[in-house]
Amino acid sequence: MVTALAVLFAGLLHAVWNALAKAVPDRYTAFAVMGAASALVSLPVAVAAGPPAGPAWPFLLTSVVLQVAYTALLIRSYDLGDFGQVYPLARGSAPFLVAVAGAVLGERLSPLQSAGLVVVCGGLVALAIARHRTTVTGPAVTAALLTGLSIAAYTVVDGLGVRRTSHPLPYIAWLFLLEGSVVALMALAVRGRAVAPALRTGWQMPAAGGIVSLLAYAIVVWAQTRSPLAQVAALRETSVVWGAIIGAVFFSERFGWRRVAAAVTVTLGIIMLTAPT
């Protein structure tokens, strides 16, 4: 239960940093600052903890590549669609893919937990389409689903990688040190000199987002050493419930009874998913 509560809290943190990323007009600059902030915070921890065990490195480096791709796809998704639509569509598609990968790797959920996974994913997707006046465009759907694919890929890779270390802290610290640095360099390469004036208008919000992002995913990676990948992934993606609330409150996106029903569905799925085996 402690692990489940921690992952649910990570979901809240994840929704917060995504909202911060959506709120910044120049998202490449925002992600440059976020990456730099997470790398700087991780640096002393990585030095103190030392490198992770050798067998974990192929997974860690693969995750860095996947997370850079995820960042680019996420930026594209937010450019094309509303936060309250794109975010749950991307996040809701990932747990199914993680569950399939987990099953291939030999992980099993109880029948009740499996039903809970289906209910959670259904509720997440329902949040994406529970709109009255607007629809998600084809390009936004494509970008969101590719984002979900990248989420599933790096989630599985990190779940396998962190289990090949004696302690999750070195893996987490080096992951964010490398991934944050590469994301910052990628964003700087795209924006070039335009980063400087954008930074003068405000770097505090994306820096805070980078630190919140680090904490949110660190909890998830730790949880993957204690629980099945599919269960952790589904609980993490309940962040879309918070995302729908944030979209309604801060971005003036309609909530409505359909989203309330979808949120209740997700909550029911959580209860089923966290039921003891």
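Residue numbers (my numbering): 218 to 494. Glycine included, C-beta positions come from ideal geometry on N, C-alpha and C. All values reported here derive from a predicted model rather than from experimental measurement.
Exposed unless 16 or more other CB atoms sit within 10 angstroms - verdict on residue i
i           : result
residue 451 : buried
residue 296 : exposed
residue 377 : buried
residue 488 : exposed
residue 293 : buried
residue 325 : exposed
residue 476 : buried
residue 244 : buried
residue 349 : The pLDDT assigned to residue 349 is 43, lower than 50, so where the model puts this residue is not dependable; a value taken from the coordinates is nonetheless given after this. Burial call: exposed.
residue 486 : buried
residue 248 : buried
residue 474 : exposed
residue 356 : exposed
residue 322 : exposed
residue 222 : exposed
residue 490 : buried
residue 456 : buried
residue 410 : exposed
residue 303 : buried
Endpoints, alpha helix (DSSP H) assigned at residue i
i           : result
residue 370 : 355 to 379
residue 273 : Note, residue 273: premise wrong, no alpha helix (DSSP H); not H, not E.
For residue j and residue i, believed in contact at Cβ under 8 Å, the rounded distance
i           : j           : result
residue 506 : residue 334 : For the chain, the structure presents residues 218 to 494; residue 506 sits outside this window and is missing.
residue 341 : residue 365 : The pair is not a contact, with the Cβ atoms about 10 Å apart (cut-off 8 Å).
residue 482 : residue 336 : 6 Å
residue 318 : residue 369 : 7 Å
residue 237 : residue 422 : 5 Å
residue 464 : residue 250 : Not quite, the Cβ-Cβ distance comes to about 22 Å (not below 8 Å), so this is no contact.
residue 480 : residue 466 : Between residue 466 and residue 480 the Cβ distance is about 14 Å, and since that is not below 8 Å, they are no contact.
residue 401 : residue 253 : 4 Å
residue 431 : residue 255 : 4 Å
residue 399 : residue 285 : 5 Å
residue 389 : residue 435 : 5 Å
CB contact below 8 Å: residue i versus chain C
i           : result
residue 465 : Checking the listed chains, one finds no chain C in this structure; it contains a single protein chain.
Counting pairs of Cβ atoms below 8 Å between the segment 261 to 275 and the segment 434 to 454, do you hit three or more? When Cβ pairs closer than 8 Å are counted between the two stretches, the segment 261 to 275 is seen not to touch the segment 434 to 454, the count staying below three.
Starting from the N-terminal side, write out each stretch of the alpha helix (DSSP H) that is 4 residues or longer and does not extend beyond the segment 389 to 475. For the segment 389 to 475, whole alpha helix (DSSP H) runs of length 4 or above, ordered along the chain, are 412 to 417, 421 to 440, 446 to 453, 456 to 467.
What residue ranges within the segment 225 to 250 form continuous beta strand (DSSP E) runs of no fewer than 3 residues, ordered along the chain? Runs of the beta strand (DSSP E) inside the segment 225 to 250: none found.
Between the segment 394 to 402 and the segment 253 to 265, can you find at least three pairs of beta-carbon atoms closer than 8 Å? Touching, per the Cβ criterion.
Is there contact here, the segment 227 to 245 with the segment 430 to 440, by at least three beta-carbon pairs under 8 Å? They touch, by the three-pair rule.
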